[in-house]
Amino acid sequence: MTRAILLIDMDAFYASVEQARRPELAGLPVIVGGSAESRGVVSTASYEARACGVRTAMPTAQAQRLCPRGIFLRVDMKAYVAVSKQLLEIFGRFTDLVEPVSIDEAFLDVTGSRRLFGAPEEIAHQIQERVRDELGLSCSIGIGPTRLLAKVAAELNKPAGLATLRHDDVHGSLRELPVRKLFGIGPVTEERLRSLGLTTIGRLQDVPVELLASAFPTGSAALKELAFGGGDSLVRAGHAPPKTMGHEVTFAEDINDPELLRATLLDLADRAAGDLRRKGYACRTLALKLRDERFHTFGGQRTLPDATSSTKLIYETAAALLGDLHASGCRLRLLGLTLSGLTAEAHQLELDDSWREAACDEAVDRVRAKYGAGALRRAGADLAPYRRRSDPPRANEQRSQT
Amino acid sequence: MRFACDRTTLVEKLSILARGVSTRSALPVLSGILLQARDGRLELYSTDMELSIKASIATNVETEGEAVVPARLFTDVVKNMAADEVRVEAGDGLVRILAGKATFSLNSWVASDFPPTSSFDMSDAFALGIAPFVETLDKVGRAASRDETRPILTGVLVTIGAGKLKMVATDSYRLSVKETPLEGGPAEEIQAIVPVKALSEVQRLGAALGDGQLRLQITENQALFAVGDVWIATRLIDGQFPNYRQLLPDSFDHAVELDRAELLAVTRRISLLAQKNAPLRLQFSEGKLTIRAVTQDVGQAEEELDAPFSGEPFEIGFNPLFLIDGLEGVAGDSATLKFINPLRPGLVTGADESFVYLIMPIRLSS
């Protein structure tokens, strides 16, 4: 039986939530993101703002130039998380196979819901109606027999759209789309494919796998699978286990002082390790991302002999890596730390003093769980240049989880 | 070289020698077994340069001599012969094996290519009972590390004095200590870090013999064991063994005595659902212990035991295999689990306090 998978993608989510709770903003260009003074970037722009050319991840200062009449708001994550929960509740009325992908996106497997609620398109309509009537928000829904096709379909008809891709379309309309529409093909892969002349999905389907393998020795099979609509991995109820966790920060001013960079790194490590522990994970690999003043992005990674969730060990490893990567001493505008190789709750303690670190981490976690993330900070991290005690939520920092 | 020998006896010895053969060495000759025929005996040697094994068979030597045969193939050929007696002849780089009407010729190495093994000179050896040695090793050896990146932990700290034998092993996650009374032993206490690999061979040979005595000699850099008509030589591990006394906490906050057989059975059962590194969760509350395991995408299990526990409930996680090793090591009907908190080591002991097994927990997410 062909599966019916829905990908629901909220339209301009943060901005739409703001417009829904403040009706006076309806129809106005709303831009949610960090402040221009702290070199923040745009998190979400309403469609009115997008008409002026404002895009996600664009520096807020640039957005202000493009859209001088824009309403610029700070990120209110608490409000968005609350709405996201309400959304999941609505989705749950149609199927129990709801897999949230991010705060504003979820996969639903409605294969078994058709007898109750009708064809997948009918279910999608009902969901759009409920989301609009109950929350005042609009969403785009893609329908497909695989997760990948549902995801591609959702992009076809934004905003408030509904589109279906069937197995047949893999050899029809899908062929005409550019390869970057395939979830999993990022800018780097897209560029390498372009250098082979593979700009459309159809060309990627047709290229001999041997030729592809010469450019992508390990990934050619996966690329081929994507081009033909992706694998048939199932939608799992609940959050899929994360593959990475991390934080990055764009500095208000480019810096190259190693002490300040290490302080920043301590703060990033502290928060990333806290995320790990809160969610019951340990990591084996950590990667650093650096961006210099000429917007050149580079990085590196280290793999540990054993999985860990210790703030101290993660920081010390990251600091050593930073020392290697930043040997040139160039000025940096961005520093990011990503933890990967995540394993669930298997942090085997050793018969040495490492339990003291674990006990310390645990005590810190408990205080923060009770009194908030700001209740306790690593003294060393207070030097971090973007840290200001009075600062409300720091929108120029990005939390990532994939 | 030319000798004739009972096939079964030869196969038996060859399979013991196989454990000393090195198949991954840069020196191809180490994948062979050195045969030396003289004085009415066949002596066999294998070595991986750290562990050397020697065996001896009384046999009918027609012409003295020596050769190195490819261990695996030679053993297979002898094993597959139909006759009860095999004849072996060596010369011109070939070893011929004859039995009944079958003839095999195998390419061989010259004996001078084989590295010098231990002299197996045991003139300063002392005797000790096989049973206490095997029993102690069985409890302790499994806590030794198999990870070669920390060589010192792949050894067992062996202390032998008059009337006592003590072994200690740790892989940094658990620590096992056992002291056993001994008949005999050296007058002066000796201590060495012996690779667990060699000890496992001694354990295997000793367990097969059951009772009797083995002989042991420890010199500055090697240990020699004689078990029946097999000799094992191993280099000793250099370095400072972790100060295990310092790892043992002075006191514990909780001590729960349980029926050992029941606890072991429940632990084994629930461990079926502690796959993919998932911890076994021991949850203590007033009067009971609940053992749980959850494996993502597979399932979960839990079982409750009556337990004399009182106080603030707490939960502690362990690698299930580590806990099973400890519970198996405890002799007697009851096992006592001692704890401080979920981040500090737990202790497994029994009525016989000469065995101590300490395990570090797995940190559980809150």
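For the record, the sequence lines run as chains A and B. Counting in my numbering, the first sequence tops out at residue 1754, every number present. Counting in my numbering, the second sequence tops out at residue 368, every number present. Note that the Cβ used here is the ideal one computed from N, Cα and C, for glycine as well. This one's a predicted model, so the numbers in the text were calculated from it and none came from an experiment.
Secondary structure of I326 of chain B (DSSP, three-state): helix. G187 of chain B and S120 of chain B have their C-alpha atoms roughly 23 Å apart.
The beta-carbon distance between L1677 of chain A and G1651 of chain A, rounded to whole angstroms, is 7 Å. This is short enough to meet the 8 Å contact definition. At least 8 Å separates the beta-carbon of I1442 of chain A from that of E1473 of chain A. Residues of the stretch 1696 to 1707 of chain A with a C-beta atom less than 8 Å from some C-beta of chain B are A1696, E1697, A1698, H1699, Q1700, L1701, E1702, L1703, D1704, W1707, listed in chain order. With a cutoff of 8 Å on beta-carbon distance, G313 of chain B and L275 of chain B are scored as not near each other.
With a cutoff of 8 Å on beta-carbon distance, L100 of chain B and V71 of chain B are scored as not near each other.
L265 of chain B is a Cβ neighbour of L329 of chain B, given a cutoff of 8 Å.
Residue nearest to D1448 of chain A within the set A:F1568, A:T1596, A:I1357, A:E1668 is A:I1357 (criterion: CA-CA distance). Look at the stretch 314 to 331 of chain B: the residues with a C-beta under 7 Å from a C-beta of chain A are N321.
Listed along the chain, the chain A residues whose CB falls inside 9 Å of the CB of Y175 of chain B are Q1700, L1701, E1702, L1703.
Within its own chain, the residues whose Cβ lies closer than 6 Å to the Cβ of L16 of chain B, once the five positions on either side in sequence are excluded, are T77, listed in chain order. Ranked by how close their Cα comes to the Cα of E1611 of chain A, the residues A:A1431, A:G1444, A:L1735 have A:L1735 in first place. Residue state for V1531 of chain A is assigned as helix, using DSSP reduced to three classes.
Proximity to G319 of chain B across A:L1701, A:R1654, A:S1436 peaks at A:L1701, based on C-alpha coordinates.
One Cα belongs to S1454 of chain A, the other to E1481 of chain A, and the distance between them is close to 21 Å. The DSSP-derived three-state label of C1404 of chain A is coil. Taking the CA atoms as reference points, S147 of chain B sits about 58 Å from L1514 of chain A. By the Cβ-count criterion, T1655 of chain A is exposed, with fewer than 16 other Cβ atoms from all chains shown falling within 10 Å of its own Cβ. Within 9 Å of the CB of Q298 of chain B, the CB atoms of chain A belong to P1593, A1696, in sequence order along the chain.
In the structure shown, T1552 of chain A adopts extended strand secondary structure according to DSSP, grouped into three states. If you check each beta-carbon in the stretch 254 to 284 of chain B against every beta-carbon of chain A, the ones closer than 9 Å belong to K278, N279, A280, P281. Apart from the 5 residues on each side of it in sequence, P1497 of chain A sits with its Cβ closer than 6 Å to the Cβ of T1354, R1355, H1519 in its chain, given in chain order.
When C-beta distances to chain A are compared with 8 Å, the residues of the stretch 162 to 190 of chain B below that value are T172, S174, Y175, R176, L177, in chain order. G1385 of chain A is classed as buried because its beta carbon has at least 16 other beta carbons within 10 Å across all chains shown. For F1459 of chain A, the enclosing beta strand (DSSP E) has its first and last residue at 1457 to 1461.
Chain order gives no chain B residues near A1372 of chain A, where near means a beta carbon separation below 7 Å; the closest approach is about 35 Å. For W111 of chain B, DSSP records a beta bridge to B:V70. Within chain B, no residue has its beta carbon less than 9 Å from that of A1364 of chain A; the closest one is some 34 Å off. Within the stretch 235 to 287 of chain B, the alpha helix (DSSP H) runs of at least 4 residues that lie entirely inside it are, in chain order, 246 to 249, 262 to 273. A distance below 7 Å between beta-carbons, with the five flanking residues on each side excluded, links V1450 of chain A to the following residues of its chain, in chain order: L1440, F1443, G1444, A1458, L1460, A1589. Nearest CB-CB separation between A1672 of chain A and chain B: not below the 8 Å threshold.
For A39 of chain B, no alpha helix (DSSP H) segment is defined; the enclosing uninterrupted segment is the beta strand (DSSP E) at 34 to 40. Shortest Cα-Cα distance from E1577 of chain A to any of A:P1539, A:R1729, A:R1499 involves A:R1499. Secondary-structure assignment with DSSP links Y359 of chain B through a beta bridge to B:S178, B:V350. In the DSSP annotation of this structure, the continuous segment of the beta strand (DSSP E) that includes S336 of chain B starts and ends at 336 to 341.
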